[in-house]
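Protein chains in written order, with the numbering used here: chain A, 1 to 158; chain B, 1001 to 1200.
Built from N, CA and C at the ideal position, the CB exists for glycine as well.
Computed from a prediction, not measured in an experiment: that's the story for all the values here.
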Amino acid sequence: MAKFKKKSDGGTPAISTASLPDIVFMLLFFFMVATKMRETTLKVQVTTPSVTEVDKIENKSLVSYIYIGKPIKKLQAKFGTAPRIQLNDAFATKEDIFTWVNTEREKIDESERGKWTVALKVDKKTKMGIVTDVKQELRKANALKINYSSKKVNKISK
Amino acid sequence: MAKRDIPEINAGSMADIAFLLLIFFLVTTTMDSETGLVRKLPPMPEDEIQPEDIKIKKRNIFEVLVNANDQLLVEGEFIEITELREKAKRFIKSDPNDPELPEFKETDVPFFGKVMVSKQIISLQNDNGTSYEMYLKVQNELVGAYNELRDELSQKKWGVSYKELEELARTSETAKEKIKALKKIYPQRISEAEPKNVGK
């Protein structure tokens, strides 16, 4: 019969933690590279609707965002609860969209201007009136490629 | 001066510092990839040119109305949003034996040869009081109907799904041509009317 030899001194040797910082740094770099900081502070509350037929936005640098929704709680005392349009960092009216579109388009390299998209981040409870106004302004400004930001689900609810 | 021993720096807290940074980045960043429903707006008509009234036969139009209470009226009847996709698909596909469904036009399509393509147009009209969620769901169902039809055809012809074909199109020219052909057979024609205040 084979004999199991008992380890002579018993106590387990301490595991070296010297490589722990390396592992953590690796994770850190992964997150630094893979994530993107939010560059605009949202002044409106936006919960995008969930639909099934969505496409991924390929190149985020070729996208400009328009936010539409109720002002956030902190600003409601000042601006009320009616839905508002936010362009970049400030509230705007629909008349500002034309100029905004042109400045945003100027920022894009000329060769890639055809791929430039306006993404509409609209709260799902917003009424279509304001959205239609924005769409009309975009048409006037000839920004025809749009993307209705929405989450992907496998089945829509009633 | 006497040679001094440089004491070894204790690196034990390095992990703590790195953890701190890691947690900071975990908390401050958003990982969600941006997704959305891609649509194209029609260009604004020039002021001088009055848009001609193009006569389209009623059977070629699929009328979708959404009122302020988020109710759907499709071809004159109330339906639920969940039924819309099937109805739209039936309409887009059309049927030569049904006088209610759209007419056909013979078109030359690469890969397929001469195909009877239906002259379908979907007309979507919503109220100013319609919620954005409902509007997007309707759009989604209509786009979905086209995508499903293209998918079915693609499966039948090449045994590849439309999604896979779109993936392939990034690198292959033939896949691009195939998508073009599918789009020619089932062209997406969703026309949005100027909003009116209907159905208060």
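DSSP lists no bridge partner for Ala1011(B). The Cβ-Cβ distance between Ala1175(B) and Leu1165(B) falls below 7 Å. Taking the Cβ atoms as the reference, Leu1084(B) lies roughly 7 Å from Val1138(B), within the contact range of under 8 Å. Contact check for Gln45(A) against Lys70(A) passes: the beta carbons are separated by less than 7 Å. Taking the beta carbon of Ala1011(B) as reference, the chain A residues within 8 Å of it are Ala18 and Pro21, listed in sequence order.
Residue pairing by DSSP places Arg1039(B) opposite Ile146(A) in a beta bridge.
Within chain A, the residues whose beta carbon sits less than 9 Å from that of Lys1040(B) are Leu144, Lys145 and Ile146, listed in sequence order.
Under the three-state reduction of DSSP, Asn1147(B) is assigned to helix. Within chain B, the residues placing a beta-carbon under 8 Å from that of Ala119(A) are Glu1034 and Gly1036, ordered along the chain. Residue pairing by DSSP puts Ile1190(B) in a beta bridge opposite Ile1122(B).
Tyr1135(B) is positioned such that its CB atom lies no closer than 7 Å to that of Asn1128(B).
Relative to the Cα of Leu1022(B), the nearest Cα in the group Ala34(A), Gly11(A), Thr17(A) and Thr12(A) belongs to Ala34(A). With a 10 Å radius around the Cβ and a threshold of 16 neighbouring Cβ atoms, Gln76(A) comes out exposed.
Three or more beta-carbon pairs drawn from the segment 1012 to 1029 of chain B and the segment 19 to 35 of chain A are found closer than 8 Å, and the two stretches are therefore classed as touching. Per DSSP, the beta bridge partners of Lys70(A) are Gln45(A). Under the Cβ criterion of 7 Å, Met128(A) is counted among the residues facing chain B.
Counting along the chain, Leu1168(B) sits inside the alpha helix (DSSP H) bounded by residues Tyr1162 to Leu1168.
Within the segment 47 to 58 of chain A, the residues whose Cβ lies closer than 7 Å to some Cβ of chain B are Pro49, Val51, Thr52, Glu53, Val54, Asp55, Lys56 and Ile57, listed in chain order.
Taken in chain order, the members of the segment 1119 to 1152 of chain B whose beta-carbon sits within less than 8 Å of a beta-carbon on chain A are Asn1126, Asp1127, Asn1128, Gly1129, Thr1130, Ser1131, Tyr1132, Glu1133, Tyr1135, Leu1136, Lys1137, Gln1139, Asn1140, Glu1141, Val1143, Gly1144 and Asn1147. With 16 or more neighbouring CB atoms inside 10 Å of its own CB, Leu1037(B) falls in the buried class.
Between Thr1130(B) and Ala82(A), the alpha-carbon positions lie close to 15 Å from each other.
Ranked by Cα distance from Asp133(A), the options Lys78(A), Asp96(A), Glu58(A) and Glu53(A) are led by Asp96(A). At a cut-off of 7 Å, the C-beta of Phe31(A) has a neighbouring C-beta in chain B.
In the DSSP assignment, the residues bridged to Val1109(B) are Gly1113(B). Within chain B, the residues whose beta carbon sits less than 7 Å from that of Leu28(A) are Ala1018, Leu1021, Leu1022 and Phe1025, listed in sequence order.
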